[in-house]
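See structure below.
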Amino acid sequence: MSRPVASRSDISTLPSLPGRKAEYWQHSGVQRLDLAAFRPAAAGPSASVDALPAAHAAPALRVVLVNGRFNAALSALDGLPDGVTVRGLAAAPGAGVVGPVPGTLARADASAFVALGDANLDDGVVVDIADGVRLVPALSLVSLGREIDGPVMFHPRLVVRLGRAASATLVEHHSGSGACLANEVGEIVLGEGASLVHARIQDDDAATGRNISTLWVEAAARARYDGVALHVGAVLARHELHLRLAGKGGEARFVGIALADGTRIADLTAFLTHAVPDCRSRQLFRAVADDEARTVLQGKVRVEAGADGTDAHQLLRALLLSPRAEADARPELEIYADDVACSHGAAVGDLDPDQIFYLAARGIPEAEARRLLVAAFVEQAIDAVPEGAARDAVAAAAHDWLARKAEGGA
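Using our numbering, the first residue of the sequence shown is number 3, and each one after it goes up by one.
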């Protein structure tokens with residue numbers, strides 16, 4: 003299944019990166035990305051368990067990618083129950099599948115990054131869970147990026163397929179050191195009545211890392227997807243979700259959290275489609291921008307003709323901690339049905355001076371008051387994630403960023 007890596011001349015023939023006038027890309031910062039500066043990562047470098055994020059180093063169900071390639075030595079998959087298969091994408095593709103093959107959902111024309119990933123597919127992970135199987139404990143997916151003799155880029159593919167009434171929790175953790183461009187394309191297919199809690203935590207090198215993720219999710223009747231994406235690293239990061247509720251009674255919740263400082267750009271974009279009647283969705287975004295950072299929050303709900311009974315709501319809020327920081331919040335509804343309950347809202351602003359004054363009047367120093375208010379703002383989003391491994395992982399990463407900020411770090 004692995005395709006040959008393109009040369010630099012091949013890269014130049016791919017579609018140009020989205021320009022500043024491209025809808026949903028105006029503020030993403032990708033215009034300043036020079037693909038020619040990154041060479042394809044020909045092979046994953048050696049790595050040890052010590053390189054894993056602390057939360058994923060203990061023995062558990064774990065699959066590891068190094069520079070986009072499956073690493074069996076660092077993975078821990080001996081405890082998989084019957085009916086669950088986890089393997090590298092290049093190993094026996096198509097064996098024992100419970101849903102569409104890779105490429106069914108992802109569209110190369112969605113963006114230049116998806117086309118780039120298709121043309122340079124390195125490897126990836128395929129997770130298949132059979133009908134009625136409950137995967138416990140959570141499965142960790144750790145993607146490590148390592149610079150090798152200069153900036154590198156890699157293009158892993160994630161495929162997750164849950165059969166009828168299957169359930170699982172998947173926690174992704176993307177951690178890079180050095181100048182790496184990670185360009186992940188993901189596909190998740192949920193069968194009837196299936197349930198997936200899915201966290202994606204990105205904490206690549208805050209000075210030189212770039213992380214682009216495009217994810218498609220399709221949910222059948224009565225299926226439920228609970229997704230959360232957290233940006234705490236990378237000088238440029240974008241997570242783009244395309245979620246389609248394709249069966250009656252389907253539910254989806256997406257929580258996006260972007261924490262950015264320095265000169266970083268953190269982009270969270272979600273497109274949710276209600277294709278059939280009687281489905282429910284929620285989108286909740288929170289962003290914090292400090293120094294000269296920029297956060298981008300974009301959420302769109304499309305209700306197709308005939309999708310009566312849709313219940314869809316979205317709320318986007320961004321907090322600015324510096325006069326030089328910027329934030330964009332764009333909610334959007336596109337409705338072609340009549341009997342629906344839909345709403346959206348957005349707000350961008352500074353910390354409330356009245357709240358700071360209230361805390362100061364009770365003996366709390368201003369710096370501590372500001373810290374408490376920022377933490378409470380972020381905690382509202384964390385609390386919207388289902389209890390369990392996904393929430394714990396997101397909370398740990400977010401709290402670590404907040405602690406570094408409190409100590410004056412980046």
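Every residue gets a Cβ at the ideal spot worked out from N, C-alpha and C, and that includes glycine.
Keep in mind that this is a model prediction, so the values were computed, not measured.
Q | C-alpha gap between L198 and S215, whole angstroms | A | 19 angstroms
Q. When the Cα atoms are used, what is the spatial distance from V187 to A201?
A. 15 angstroms
Q | Status (buried if at least 16 other CB within 10 Å, exposed otherwise) for E25 | A | exposed
Q.
What would DSSP say about A391, mapped onto helix, strand or coil?
A. helix
Q) Between the Cα of V138 and the Cα atoms of D125, G85, L160, S179, which residue gives the shortest distance? A) G85
(Q) When you compare the CB positions of L67 and S145, do they come within less than 8 angstroms of one another, or not? (A) yes
**Q.** Backbone CA spacing between Y227 and A363 [nearest angstrom]
**A.** 44 angstroms
Q | Within 8 angstroms, strictly: CB atoms of S324 and D354 | A | no
Q. Taking the alpha-carbon positions, what's the G390 to R136 distance?
A. 15 angstroms
Q. Exposed or buried, which one is E368 when buried takes at least 16 other CB atoms within 10 Å?
A. exposed
(Q) At the level of alpha carbons, what is the spacing between L404 and E294? (A) 17 angstroms
Q) Which two residues bound the contiguous alpha helix (DSSP H) that contains R373? A) 368 to 384
Q: For E253, I'd like the list of residues in its chain whose CB is within less than 6 angstroms of its CB, leaving aside the five on either flank, ordered along the chain.
A: R226, R282
Q: Provide the residue(s) that pair with H176 in DSSP beta bridges, ordered along the chain.
A: S145, Q204
(Q) For the ligand GTP, I want to know if A196 counts as a neighbour, meaning its beta carbon is within less than 7 angstroms of at least one of the ligand's heavy atoms. (A) Among the ligands in the structure shown, none appear at all, so the ligand GTP cannot be discussed.
Q: Return the CA-CA distance between V116 and A395, expressed in angstroms with no decimal places.
A: 27 angstroms
Q) Between the C-alpha atoms of L318 and R255, what's the straight-line distance to the nearest angstrom? A) 14 angstroms
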